[in-house]
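Participant: I'd like to ask you about the structure that follows.
2 protein chains.
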Amino acid sequence: MKVPSVAERVAEELRYQLAEGFLVPGAKLTEATIAEDLGVSRNTVREAFAELAGERLLLRQPNKGVFVATLEAGDIHDVYTVRRAIEVSSIRAGGSPERIAAVRAAVEEGKRAAEANDNEGLGSANQHFHGAIVALAESNRLNTIMAQILAEMRLYFHKATLNAHFYSDWLKENEQICSALEAGELERAGDLLLAYLNRSEQQQTAIHGE
Amino acid sequence: MKVPSVAERVAEELRYQLAEGFLVPGAKLTEATIAEDLGVSRNTVREAFAELAGERLLLRQPNKGVFVATLEAGDIHDVYTVRRAIEVSSIRAGGSPERIAAVRAAVEEGKRAAEANDNEGLGSANQHFHGAIVALAESNRLNTIMAQILAEMRLYFHKATLNAHFYSDWLKENEQICSALEAGELERAGDLLLAYLNRSEQQQTAIHGE
DNA sequence: ATCGCTGGATCGTTGAACAATCCAGCGAAA
DNA sequence: TTTCGCTGGATTGTTCAACGATCCAGCGAT
């Protein structure tokens, strides 16, 4: 049994609370409070803060405190710029049959969630889908970058911002992208994915200011 | 005047020593030693370690210590996979005249360094060149990702591993890429850049084991 | 209404402490 | 001789208490 360090567990707990919407963007995290709540020392909390700040989930303002990251002007475009770069590049390079199967699995996961009217599940299925696309490239670094980006998106574009209308759109689209990938039509898969990302960026921009 | 926090300065100092080759891959960094050397407390060193570990420059092995990151099997390919994704994607999207001018400036910087037989300068000129390409995309996130990748490369592929033969190769090539970019031939610029990255990966793989 | 001060809260950093863990070396047993 | 197991020392993980520095809200004086 491996026991993750305490600092690691604190970071994990905070990540969880961020993803779950327990901690909303802009909220202030006071070291002493968190330390007491989680029953750890202030120094340990500090280490966890350093880690999450490096992942852009928290923002450190010297001598003022750490805050849950907020969406600044241009951040939406910024995030999607990264996604276009790594997702499109990954899918264009194709991948092993196992990795492609993982993409397919995410598509099916989405369908099942749709049938079950499981909005929660739909969201994570979509994240699995895009994560699986990046995983095609077999690059640890790209995977962690993508994981961080997805964590940011969970934080910013929380459940509340997503509606069923959104989902029906990309359920079909994911299917098409996956089919193209399976058929080896990598260019087409890339184009479809790129189009999706562009449209998704527009939608998110429309919803969230600027 | 803003005074960076002590932890930040420690991290900066370590980054410097890593880039300069003062600390070689695999070396062990003992908390107490670093703390004493830099005249700071152990806790502060710890925070700096956390930051650098997040940048993949240091590796933390629980209960054993932190070590300067070493090149594992597949890491070269991994790094170049990231570079292909973000550099090619950035250049294909073009950029503002100012950003393009920055790319040109890096090319000229390289030429001057070559004339002056300044190997040191040649290396950083090349890094500036590729950094400027990513900067075309105007994405903070891509910029920091690229900065981290370049820091990793400085660490792994240190001066010793580079020879003059290398340089003459890409000096011309950078010129071509930049010209294509300036001429608006983005597809061609992307193809040239991609070819360069592929070749560079091969060379590095040939030099370093695996 | 503005300015400047002050007190309290929080951060940044330190130093010391102690348990948990690892590791090299050494001695005992096969 | 080789292997096994133990022990002691070194280092890490974590906590705690302290103190100066910095920020901020409130309040009083102009």
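As given, the protein sequences belong to chains A and B, one line each in that order.
Under the numbering used here, the first sequence has 139 at position 139, and the numbering climbs by one with no breaks.
Under the numbering used here, the second sequence has 1191 at position 191, and the numbering climbs by one with no breaks.
Note that CB positions come from ideal geometry on N, CA and C, so glycine has one too.
The alpha helix (DSSP H) that contains Val1107 of chain B, what's its start and end?
Facilitator: As a position in the second sequence, residue 1107 of chain B is number 107, starting the count at 1. Per DSSP, Val1107 of chain B belongs to the alpha helix (DSSP H) from 1097 to 1115.
Participant: Quick test of the definition: if touching needs 3 or more C-beta pairs under 8 angstroms, does the stretch 112 to 121 of chain A touch the stretch 78 to 85 of chain A?
Facilitator: Not touching, per the Cβ criterion.
Participant: Sort A:Val79, A:Val88, A:Gly65 by Cα distance to Leu155 of chain A and report the nearest one.
Facilitator: In the first sequence, the residue the question calls residue 155 of chain A occupies position 155. Checked all of A:Val79, A:Val88, A:Gly65; the closest Cα to Leu155 of chain A is A:Val79.
Participant: Got a sec? Which residues, its chain only, sit under 6 angstroms from Gln1202 of chain B by beta carbon, not counting five neighbours each side?
Facilitator: Translated into positions along the second sequence, residue 1202 of chain B becomes position 202. Taken in chain order, the list of residues that qualify is empty.
Participant: Pull up the CB-CB distance for Arg1015 of chain B and Ala1125 of chain B, whole angstroms please, since I reckon it's below 8 angstroms.
Facilitator: Taking the second sequence and counting its residues from 1, one reaches residue 1015 of chain B at position 15. Taking the second sequence and counting its residues from 1, one reaches residue 1125 of chain B at position 125. Actually they do not touch by this definition, with Cβ atoms about 20 angstroms apart.
Participant: In the DSSP assignment, find the alpha helix (DSSP H) that holds Arg1084 of chain B and state where it starts and stops.
Facilitator: On the second sequence, residue 1084 of chain B is found 84 positions in, with the first residue counted as 1. No alpha helix (DSSP H) contains Arg1084 of chain B, which DSSP labels as neither H nor E.
Participant: Use the C-beta contact count for Thr1030 of chain B: other C-beta atoms within 10 angstroms, 16 or more gives buried, fewer gives exposed.
Facilitator: For this step, residue 1030 of chain B is matched to residue 30 along the second sequence. The residue is exposed, with fewer than 16 neighbouring Cβ atoms inside 10 Å.
Participant: Taking just the CA atoms, how far does Leu197 of chain A sit from Met1001 of chain B?
Facilitator: Residue numbering aside, residue 1001 of chain B sits at position 1 when the second sequence is read from its first letter. Residue numbering aside, residue 197 of chain A sits at position 197 when the first sequence is read from its first letter. Per-residue confidence for Met1001 of chain B stands at a pLDDT of 49, beneath the threshold of 50, marking its modelled position as unreliable; the derived number appears in the next sentence. The alpha-carbon atoms of Met1001 of chain B and Leu197 of chain A are separated by roughly 42 angstroms.
Participant: Going by DSSP, what residue range makes up the beta strand (DSSP E) through Phe67 of chain A?
Facilitator: Here residue 67 of chain A corresponds to residue number 67 of the first sequence, with the count starting at 1. It spans 65 to 68 - the beta strand (DSSP E) in which Phe67 of chain A sits, taken as one unbroken run.
Participant: Would you tell me roughly how many angstroms separate the C-alpha atoms of His208 of chain A and Pro1025 of chain B, rounded to the nearest one?
Facilitator: In the first sequence, residue 208 of chain A corresponds to position 208, counting from 1. In the second sequence, residue 1025 of chain B corresponds to position 25, counting from 1. When rounded, the distance between both Cα atoms is 45 angstroms.
Participant: For a contact meaning CB atoms closer than 7 angstroms, what does Ile1145 of chain B contact in chain A?
Facilitator: Translated into the one-based positions of the second sequence, residue 1145 of chain B becomes position 145. Residues of chain A passing the Cβ test: Ile145.
Participant: Can you tell me which of the three DSSP states Arg1060 of chain B falls into?
Facilitator: Within the second sequence, the letter at position 60 stands for residue 1060 of chain B. Reduced to three states, the DSSP call for Arg1060 of chain B is strand.
Participant: If you reduce the DSSP assignment to three classes, tell me which class Leu1186 of chain B lands in.
Facilitator: By 1-based counting over the second sequence, the position of residue 1186 of chain B is 186. Note: Leu1186 of chain B maps to helix in three-state DSSP.
Participant: At a Cβ threshold of 8 angstroms, is Ser139 of chain A touching chain B?
Facilitator: By one-based count along the first sequence, residue 139 of chain A stands at place 139. Yes, contact with chain B.
Participant: Check the Cβ of Leu1142 of chain B against every Cβ in chain A and list those closer than 7 angstroms, keeping chain order.
Facilitator: As a working note, residue 1142 of chain B is residue 142 in the second sequence. Here the neighbours are Thr81, Val82, Ala85.
Participant: Looking only at DSSP bridge pairs, what is Lys28 of chain A linked to?
Facilitator: Residue mapping note: residue 28 of chain A aligns to position 28 of the first sequence, counting from 1. Per DSSP, A:Phe67.
Participant: With distance defined between alpha-carbon atoms, name the residue in B:Gln1127, B:Pro1097, B:Glu1120 nearest to Glu1138 of chain B.
Facilitator: Looking up residue 1138 of chain B in the second sequence gives position 138. For Glu1138 of chain B, the nearest C-alpha among the options comes from B:Pro1097.
Participant: What number of angstroms, rounded off, separates the C-alpha of Val1088 of chain B from the C-alpha of Ala1048 of chain B?
Facilitator: Translated into the one-based positions of the second sequence, residue 1088 of chain B becomes position 88. Translated into the one-based positions of the second sequence, residue 1048 of chain B becomes position 48. Approximately 32 angstroms, taken between the alpha carbons.
Participant: CB-CB under 7 angstroms to Ile91 of chain A, same chain, minus the five flanking residues each way: which ones, in chain order?
Facilitator: The sequence position of residue 91 of chain A within the first sequence is 91, counting from 1. Closer than 7 angstroms at the Cβ level, and outside the excluded window around Ile91 of chain A, lie Ile133, Leu136, Leu181, Leu186, Ala189, Gly190, Leu193.
Participant: Just to confirm, is the Cβ distance from Phe129 of chain A to Asn174 of chain A under 8 angstroms?
Facilitator: Taking the first residue of the first sequence as 1, we reach residue 129 of chain A at position 129. Taking the first residue of the first sequence as 1, we reach residue 174 of chain A at position 174. Yes, Cβ-Cβ distance for Phe129 of chain A and Asn174 of chain A is below 8 angstroms.
Participant: Any idea what DSSP makes of His1158 of chain B, helix, strand or coil?
Facilitator: Here residue 1158 of chain B refers to the residue found at position 158 when the second sequence is read from its first residue. DSSP places His1158 of chain B in coil when its eight states are reduced to three.
Participant: Mind pulling the chain B residues with CB within less than 9 angstroms of Val88 of chain A?
Facilitator: On the first sequence, residue 88 of chain A is found 88 positions in, with the first residue counted as 1. Near Val88 of chain A (Cβ distances below 9 angstroms), the residues of chain B are Ala1085, Ser1089.
Participant: Compare the C-beta of Arg46 of chain A against all C-beta atoms of chain B and say whether one is closer than 8 angstroms.
Facilitator: One-based indexing of the first sequence puts residue 46 of chain A at position 46. Chain B contact via Cβ: present.
Participant: In the DSSP assignment, find the alpha helix (DSSP H) that holds Ala988 of chain B and state where it starts and stops.
Facilitator: The question about residue 988 of chain B has no answer here: the residues shown for chain B are numbered 1001 through 1210.
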